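Enquirer: Chains as they are written, first to last, in the numbering used here: chain Z, 1 to 329; chain V, 1 to 329. Yeah, the Cβ is synthetic: ideal placement off N, Cα and C, and Gly gets one too. These figures come from a predicted structure and were not determined experimentally.
Next up, the structure:
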């Protein structure tokens, strides 16, 4: 990755697929539509939130870059977003999160029960839609990805022992939790194009997803609630061990390590102790190390783009890497 | 349904498919196998419980009765049981149930978080398995059924207004919650056989499932914890409105109806008030009315069996109806 002149915006990477993204949004509404009033109410809440649609964007750009003119790609992109949404709803429910993108979560606004059922509802709708497309390949990819994500979630909720959670454990966690779906989005984007693109794009999505999650975890150390829509240090507050801390831990002295352990053992850590661990992690190079690692994955992603013919969509996929690394929320 | 000389046992309806059911159990273990230790631990708990395998039994008997020699039917039967299992885990989690078949639920034994994730894990494994079978029909049936079940669950958690919950609402609820999966099991059992069997067997499973759930709801009024593995009156305690109460309500007098309303408005109803409402419901014919309704669905199910050639499996499917209606747990 060379230096960038100006930050890449979400709008700029979505520009080449703007119209298709509107179709994706329409498709999403069609796929989840329900006659039962409460489901419809939750659906409207979800559609109103309208996320960044980053995964559909990846799918559509990959399709464009590989010359894939498959007519159902907006449906596939909607399904990818739907699976993302279903996963977020269950994750928020599992984590008891009250905010997502600065908005109330389904479990907070409705109930925990409704969140569990809605996640199941949305996911089964996604599967029905994939079955309706005929052809098993998108289903094969997406069912494998969804299963990987559940394993990632299980890794996450059990990863609380800071001294026994290695960088390798972390890599496996974020691979399953985040990179799998981005990888799946990019892979599905090539279905219908020359099969030679499938593996490179799968790997591109994987590396991009790894960088994406590392940056996400970095933002928890470096950003403020105003920008991200969630309080800084939230991961530490919830005893989530991410790369900055993992990288800094081996070079901490005993006093610093004791501060980390104390935070991890405290069910309700104070803002002060969270601030202290963030400061220690920064001083001990944890943030820098995570940035370097994100850059490494960015470089791997960039290398995969060599497989594509020179075209605007390829350039935009390159911009996607910059967007992921530079974003502030 | 004529009078039965002796109650039909689970063992007797499973006798014609005994060996296949052992294969189904082996398949189930293979499909859910996980490398991640915690998932494996929960899996072992689930396999140890080994339910009644009633839905796989229906699938295998239907296959036998329709002359379906499809070699993957034990896998399909395992997938049906797996989807049932995933649904139970989420349902128990949503309902905060602590016991199932007299054994601790996943949410009680592990945690609510783990129950949500495990349900997702098992369901996505089921989908992966169906994708691996090639051929979209089982997937088409099972994804539709799963989605129906989520709508049923949503109907259930929102059905607390006893004066505004009709028999029609109840029918829709149990159709989605219970009959859909039994219907799906029977339908999938015919895939590979003469297509003329598909609709009658789908309808057979639907009617059988309706009878099954009505009897389940009846047992909550008539049975004891020793037999069912859960305390009697549990539905009333949880403010679940089922057919006996719905049927009795219109003929209750004001005092009786007030007792029902008081129970429904009490967050923690006493054993005394539950016993009273059970007694009122029985006196006002609610139990008898529900029994009649179960018999009606039994007759509908029996009529569908006419579509099958005379054979031992058809006789056993007839016994399945008796089993459903006569069972005490």
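May I have a chain-ordered list of the beta strand (DSSP E) segments no shorter than 3 residues that lie completely inside the stretch 89 to 177 of chain V?
Expert: DSSP runs (the beta strand (DSSP E)) wholly in the stretch 89 to 177 of chain V: none.
Enquirer: Consult DSSP for residue 193 of chain V and reduce its assignment to one of helix, strand or coil.
Expert: Looking up residue 193 of chain V in the second chain gives position 193. Three-state result, residue 193 of chain V: strand.
Enquirer: Please report the distance separating the alpha-carbon of residue 1 of chain V from that of residue 322 of chain V.
Expert: As a working note, residue 1 of chain V is residue 1 in the second chain. As a working note, residue 322 of chain V is residue 322 in the second chain. Here residue 1 of chain V scores only 49 on pLDDT, less than 50, and its place in the model is too uncertain to base an answer on.
Enquirer: What would DSSP say about residue 42 of chain Z, mapped onto helix, strand or coil?
Expert: For this step, residue 42 of chain Z is matched to residue 42 along the first chain. Helix.
Enquirer: With burial defined as no fewer than 16 other Cβ atoms inside 10 Å of the residue's Cβ, what is the status of residue 132 of chain Z: buried or exposed?
Expert: On the first chain, residue 132 of chain Z is found 132 positions in, with the first residue counted as 1. Answer is exposed; the Cβ neighbour count stays below 16.
Enquirer: Among V:236, V:203, V:170 and V:162, which has the Cα closest to the Cα of residue 257 of chain V?
Expert: By 1-based counting over the second chain, the position of residue 257 of chain V is 257. Out of V:236, V:203, V:170 and V:162, V:162 has the C-alpha closest to the C-alpha of residue 257 of chain V.
Enquirer: Once the 5 residues before and after residue 125 of chain V are set aside, which same chain residues still bring their CB inside 8 Å of it?
Expert: For the purposes of this step, residue 125 of chain V is taken as the residue at position 125 of the second chain. So the list reads 31, 32 and 82, once near-sequence residues are dropped.
Enquirer: Which bits of chain V does residue 134 of chain Z rub up against, with CB to CB less than 8 Å?
Expert: Taking the first residue of the first chain as position 1, residue 134 of chain Z is located at position 134. Within chain V, the residues near residue 134 of chain Z are 136.
Enquirer: May I have the straight-line CA-CA distance separating residue 158 of chain V from residue 130 of chain Z, to the nearest angstrom?
Expert: Position 158 of the second chain, counted from the first residue, corresponds to residue 158 of chain V. Position 130 of the first chain, counted from the first residue, corresponds to residue 130 of chain Z. Rounded to the nearest angstrom, the two C-alpha atoms are 29 Å apart.
Enquirer: Residues in the same chain with beta-carbon distance under 6 Å from residue 20 of chain V, minus the five sequence neighbours each way, listed in chain order, please.
Expert: Locating residue 20 of chain V in the second chain gives position 20, where the first residue counts as 1. Hits under 6 Å: 60 and 74.
Enquirer: So if I threshold CB-CB distances at 7 Å, which residues from the stretch 91 to 116 of chain Z count as touching chain V?
Expert: 93, 94, 113 and 116
Enquirer: Could you compute how far the alpha carbon of residue 218 of chain Z sits from the alpha carbon of residue 11 of chain Z?
Expert: Locating residue 218 of chain Z in the first chain gives position 218, where the first residue counts as 1. Locating residue 11 of chain Z in the first chain gives position 11, where the first residue counts as 1. Going from the Cα of residue 218 of chain Z to the Cα of residue 11 of chain Z covers about 23 Å.
Enquirer: Please report the residue range of the alpha helix (DSSP H) in which residue 301 of chain V lies.
Expert: Translated into the one-based positions of the second chain, residue 301 of chain V becomes position 301. Residue 301 of chain V: member of the alpha helix (DSSP H) spanning 286 to 304, first to last residue.
Enquirer: Is there a C-beta anywhere in chain V that falls below 8 Å from the one on residue 131 of chain Z?
Expert: Translated into the one-based positions of the first chain, residue 131 of chain Z becomes position 131. Answer yes: the Cβ-Cβ gap between residue 131 of chain Z and chain V drops below 8 Å somewhere.
Enquirer: Out of Z:105, Z:318, Z:311 and Z:14, state which residue places its alpha-carbon closest to the alpha-carbon of residue 303 of chain Z.
Expert: On the first chain, residue 303 of chain Z is found 303 positions in, with the first residue counted as 1. The residue with the shortest Cα to Cα distance from residue 303 of chain Z is Z:318.
Enquirer: Nearest-angstrom Cα distance between residue 38 of chain Z and residue 214 of chain V?
Expert: As a first step, residue 38 of chain Z is located in the first chain; it is residue number 38 there, counting from the start. As a first step, residue 214 of chain V is located in the second chain; it is residue number 214 there, counting from the start. Roughly 25 Å separates the two Cα atoms.
Enquirer: What's the C-alpha gap between residue 189 of chain V and residue 122 of chain Z?
Expert: In the second chain, counting from the first residue as 1, residue 189 of chain V sits at position 189. In the first chain, counting from the first residue as 1, residue 122 of chain Z sits at position 122. When rounded, the distance between both Cα atoms is 27 Å.
Enquirer: Which of helix, strand or coil does DSSP assign to residue 83 of chain Z?
Expert: Counted from its first residue, the first chain places residue 83 of chain Z at position 83. Three-state result, residue 83 of chain Z: helix.
Enquirer: Got a sec? Which residues, its chain only, sit under 6 Å from residue 242 of chain V by beta carbon, not counting five neighbours each side?
Expert: Your numbering for residue 242 of chain V matches position 242 in the second chain. Cβ neighbours of residue 242 of chain V beyond the five flanking positions: 217 and 235.
Enquirer: Which value, in whole angstroms, describes the spacing of the CA atoms of residue 296 of chain V and residue 86 of chain V?
Expert: Stepping through the second chain from its first residue, residue 296 of chain V is reached at position 296. Stepping through the second chain from its first residue, residue 86 of chain V is reached at position 86. C-alpha separation (whole angstroms): 30 Å.
Enquirer: Strictly under 8 Å for the Cβ-Cβ distance: is residue 20 of chain V near chain Z by that measure?
Expert: Residue mapping note: residue 20 of chain V aligns to position 20 of the second chain, counting from 1. Answer no: the Cβ-Cβ gap between residue 20 of chain V and chain Z never drops below 8 Å.
Enquirer: Measuring only the C-alpha atoms, how far is residue 276 of chain Z from residue 160 of chain Z?
Expert: Sequence index remark: in the first chain, residue 276 of chain Z carries index 276 (1-based). Sequence index remark: in the first chain, residue 160 of chain Z carries index 160 (1-based). Roughly 19 Å between the two C-alpha positions.
Enquirer: Here's the rule I'm using: 16 or more other beta-carbon atoms within 10 Å means buried, otherwise exposed. How should residue 7 of chain Z be labelled?
Expert: Stepping through the first chain from its first residue, residue 7 of chain Z is reached at position 7. Residue 7 of chain Z comes out exposed.
Enquirer: For residue 32 of chain Z, name the three-state secondary structure that DSSP assigns.
Expert: Counted from its first residue, the first chain places residue 32 of chain Z at position 32. Here residue 32 of chain Z carries a helix assignment [DSSP, helix/strand/coil].
Enquirer: Please state whether the Cβ-Cβ distance between residue 156 of chain Z and residue 181 of chain Z is less than 8 Å.
Expert: Your numbering for residue 156 of chain Z matches position 156 in the first chain. Your numbering for residue 181 of chain Z matches position 181 in the first chain. Taking 8 Å as the Cβ cut-off, residue 156 of chain Z and residue 181 of chain Z do not qualify as a contacting pair.
Enquirer: Compute the beta-carbon to beta-carbon distance between residue 145 of chain V and residue 36 of chain Z, rounded to the nearest angstrom, for a pair I have assumed lies under 8 Å.
Expert: Residue numbering aside, residue 145 of chain V sits at position 145 when the second chain is read from its first letter. Residue numbering aside, residue 36 of chain Z sits at position 36 when the first chain is read from its first letter. Actually they are not in contact, since the Cβ atoms of residue 145 of chain V and residue 36 of chain Z sit about 16 Å apart, beyond 8 Å.
Enquirer: Would you identify the three-state DSSP class for residue 1 of chain Z, choosing helix, strand or coil?
Expert: Counted from its first residue, the first chain places residue 1 of chain Z at position 1. In this predicted model, residue 1 of chain Z has a pLDDT of only 49, less than 50, meaning its place in the structure is not dependable; the value taken from the coordinates is given anyway. In this structure, residue 1 of chain Z counts as coil in the three-state DSSP scheme.
Enquirer: Would residue 154 of chain Z pass as an interface residue toward chain V - the criterion being a Cβ-Cβ separation below 8 Å?
Expert: Within the first chain, numbered from 1, the residue matching residue 154 of chain Z stands at position 154. For residue 154 of chain Z, the answer is yes, since a Cβ of chain V falls inside 8 Å of its Cβ.
Enquirer: Tell me which residues share the same chain as residue 49 of chain V and place their Cβ nearer than 6 Å to its Cβ, disregarding the 5 neighbours each side in the sequence.
Expert: Translated into the one-based positions of the second chain, residue 49 of chain V becomes position 49. Closer than 6 Å at Cβ, skipping near neighbours: 103.
Enquirer: Of all the CB atoms in chain Z, is at least one closer than 8 Å to the CB of residue 36 of chain V?
Expert: For the purposes of this step, residue 36 of chain V is taken as the residue at position 36 of the second chain. Cβ-Cβ to chain Z under 8 Å: yes for residue 36 of chain V.
Enquirer: Does the distance from the CB of residue 287 of chain Z to the CB of residue 252 of chain Z come in under 8 Å?
Expert: Position 287 of the first chain, counted from the start, is the residue given in the question as residue 287 of chain Z. Position 252 of the first chain, counted from the start, is the residue given in the question as residue 252 of chain Z. Their beta carbons are not under 8 Å apart, which means residue 287 of chain Z does not touch residue 252 of chain Z by this criterion.
Enquirer: Do residue 260 of chain Z and residue 294 of chain Z have their C-beta atoms closer together than 8 Å?
Expert: What you label residue 260 of chain Z is simply residue 260 of the first chain in a count that begins at 1. What you label residue 294 of chain Z is simply residue 294 of the first chain in a count that begins at 1. No.
Enquirer: Name, please, each residue of chain Z whose Cβ falls closer than 7 Å to the Cβ of residue 76 of chain V.
Expert: Working through the second chain from its first residue, we reach residue 76 of chain V at position 76. Near residue 76 of chain V there are no residues of chain Z at all, since even the closest Cβ is about 15 Å away, more than 7 Å.
Enquirer: Three or more beta-carbon pairs under 8 Å between the stretch 298 to 313 of chain Z and the stretch 50 to 70 of chain Z, yes or no?
Expert: Touching, yes, given that three or more Cβ pairs across the two stretches are closer than 8 Å.
Enquirer: At a CB-CB cut-off below 7 Å, which residues of chain V make contact with residue 170 of chain Z?
Expert: Within the first chain, numbered from 1, the residue matching residue 170 of chain Z stands at position 170. Under the 7 Å cutoff, chain V gives no residues; its nearest Cβ is about 15 Å from residue 170 of chain Z.
Enquirer: Curious, which full-length alpha helix (DSSP H) runs of at least 4 residues does the stretch 224 to 280 of chain Z contain?
Expert: Listed in chain order, the alpha helix (DSSP H) runs fully inside the stretch 224 to 280 of chain Z are 225 to 228, 234 to 237, 243 to 248 and 254 to 265, counting runs of at least 4 residues.
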